[in-house]
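Reading through the structure tokens given below for one structure.
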Amino acid sequence: MYKIVKKETLNSVVELMEIHAPFVARKCEPGQFIILRVDEDGERVPLTIADYDREKETVTIIYQVLGYSTTLLSQKKEGEYVADFVGPLGVPAALEKKENKVIGVAGGVGAAPLYPQLRKLAENGTKVDVIIGGKSKEYVLWADKFREFCENVYVATDDGSEGTKGFVTTVLQNLLDKGEVYDECIAIGPLIMMKNVVKVTKPADLHTMVSLNPIMIDGTGMCGGCRVTIGGETKFACVDGPDFDGFLVDFDECMKRQGMFKEEEHECKMMALGGEA
């Protein structure tokens, strides 16, 4: 059993938990993820590692309360436990020091897995900027934490309640048009956002890494549920990723596969709300 040592509500649909998980905290690196089960009968939920503290032996996760399992997780309180917390899984992000600067682009909860990657780059001496997007000011995550090590923190909101009114891609395009020079872009968020980021960076020949979180079951490559097509080859996001070269990702296929179980997800949401599908 893994103890919840801290729980925090970030906005109306997003929560943070800090879990005491000594073995995971000892080994994990930015870019990796865990799979948890709320209880022994629960489904496996993959979540990217948002932060970790090796001394405290804790790992921080951030999740959206969307369906049955995340609703059960949300009902847990500080001091209570989750049944399983398996990891670290996946390949750590390749975070070599860059000559110029790296730009991070985060959409919604994508700010959570982006945070440790940009922080490590900054610790290694790379200058970093970040663009954080959300529907409104409420959904812009961790801007203050990014300001601790980013040279520039840009915000984009759909309704204009903070920063630029519009999408993260608008801000990114404006920066490139102004002549900002970056060695790499790291984009993490919804598939459609990452696809559109690549549409901006590819013409500029700006190398772009994206993080894929398709349907996962076991997290070890055995089930094949997380198949993705990268450069025409089949890869498994759980063991070959979750980070891939954005120029090579077949986003249309990823989005199609992600929507395969919409009806079942609807039923799960209704269960979480205590109603009938």
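Each residue of the sequence shown is one higher than the one before, counting from 1 in the UniProt record's numbering. Don't be surprised by glycine CBs; every beta carbon is placed ideally from N, CA and C.
Take residue i as the anchor and find which of the options has the nearest alpha-carbon.
{"i": "Asp41", "options": "Pro22, Tyr2, Ala83", "result": "Ala83"}
{"i": "Lys135", "options": "Asp158, Val153, Pro113", "result": "Asp158"}
{"i": "Ala112", "options": "Lys145, Glu138, Glu123", "result": "Lys145"}
{"i": "Leu172", "options": "Ala106, Lys98, Leu10, Asn100", "result": "Ala106"}
{"i": "Ala94", "options": "Lys178, Val200, Leu114, Tyr81", "result": "Leu114"}
{"i": "Tyr154", "options": "Ile131, Lys127, Val65", "result": "Ile131"}
{"i": "Thr9", "options": "Gly225, Val109, Ile230", "result": "Val109"}
{"i": "Gly125", "options": "Glu138, Glu99, Val14, Leu206", "result": "Glu99"}
{"i": "Lys137", "options": "Lys165, Lys202, Ala122", "result": "Lys165"}
{"i": "Gly224", "options": "Arg257, Thr60, Pro203, Asp205", "result": "Arg257"}
{"i": "Tyr63", "options": "Gln75, Leu47, Lys56", "result": "Leu47"}
{"i": "Arg26", "options": "Lys202, Leu141, Leu89", "result": "Leu89"}
Taking buried to mean at least 16 other C-beta atoms within 10 Å of its own C-beta, is residue i buried or exposed?
{"i": "Met17", "result": "buried"}
{"i": "Gln117", "result": "buried"}
{"i": "Lys195", "result": "buried"}
{"i": "Pro22", "result": "exposed"}
{"i": "Arg54", "result": "exposed"}
{"i": "Ser12", "result": "exposed"}
{"i": "Gly160", "result": "exposed"}
{"i": "Glu184", "result": "buried"}
{"i": "Met193", "result": "buried"}
{"i": "Asn213", "result": "buried"}
{"i": "Asp51", "result": "buried"}
{"i": "Asp243", "result": "buried"}
{"i": "Met1", "result": "exposed"}
{"i": "Ala234", "result": "Note on residue identity: the sequence assigns Thr, not Ala, to residue 234. Under this definition Thr234 is an exposed residue."}
{"i": "residue 279", "result": "This structure leaves residue 279 out entirely; the chain is present only between 1 and 277."}
{"i": "Gly189", "result": "buried"}
{"i": "Ile19", "result": "buried"}
{"i": "Gly133", "result": "buried"}
{"i": "Gly241", "result": "buried"}
{"i": "Arg119", "result": "buried"}
Residues bridged to residue i by DSSP?
{"i": "Val91", "result": "Beta-bridge pairing links Val91 to no other residue."}
{"i": "Phe33", "result": "Thr48, Leu89"}
{"i": "Asp252", "result": "None, per the DSSP bridge assignment."}
{"i": "Glu8", "result": "Leu16"}
{"i": "Thr157", "result": "Gly134, Lys165"}
{"i": "Gly107", "result": "Gly133"}
{"i": "Tyr139", "result": "Paired residues: none, contrary to the question."}
{"i": "Lys3", "result": "Tyr81"}
{"i": "Asn152", "result": "Asp129"}
Below 8 Å on the Cβ atoms is my guess for residue i versus residue j; work out the distance and round it to an integer in Å.
{"i": "Gly87", "j": "Val24", "result": "5 Å"}
{"i": "Val181", "j": "Phe149", "result": "That pair is no contact at about 19 Å."}
{"i": "Val102", "j": "Gly31", "result": "14 Å between Cβ atoms; not a contact."}
{"i": "Glu78", "j": "Ile4", "result": "6 Å"}
{"i": "Leu72", "j": "Val38", "result": "5 Å"}
{"i": "Phe247", "j": "Val198", "result": "6 Å"}
{"i": "Ile186", "j": "Gly104", "result": "5 Å"}
{"i": "Phe251", "j": "Leu191", "result": "6 Å"}
Is any heavy atom in the ligand FMN found nearer than 7 Å to the beta carbon of residue i?
{"i": "Asp41", "result": "This structure lacks the ligand FMN, and indeed carries no ligand of any kind."}
### Task
Report the residue ranges of all beta strand (DSSP E) runs contained in full by the stretch 160-248; include only those spanning at least 3 residues, in chain order.
184-188, 208-211, 227-230, 233-236, 243-245
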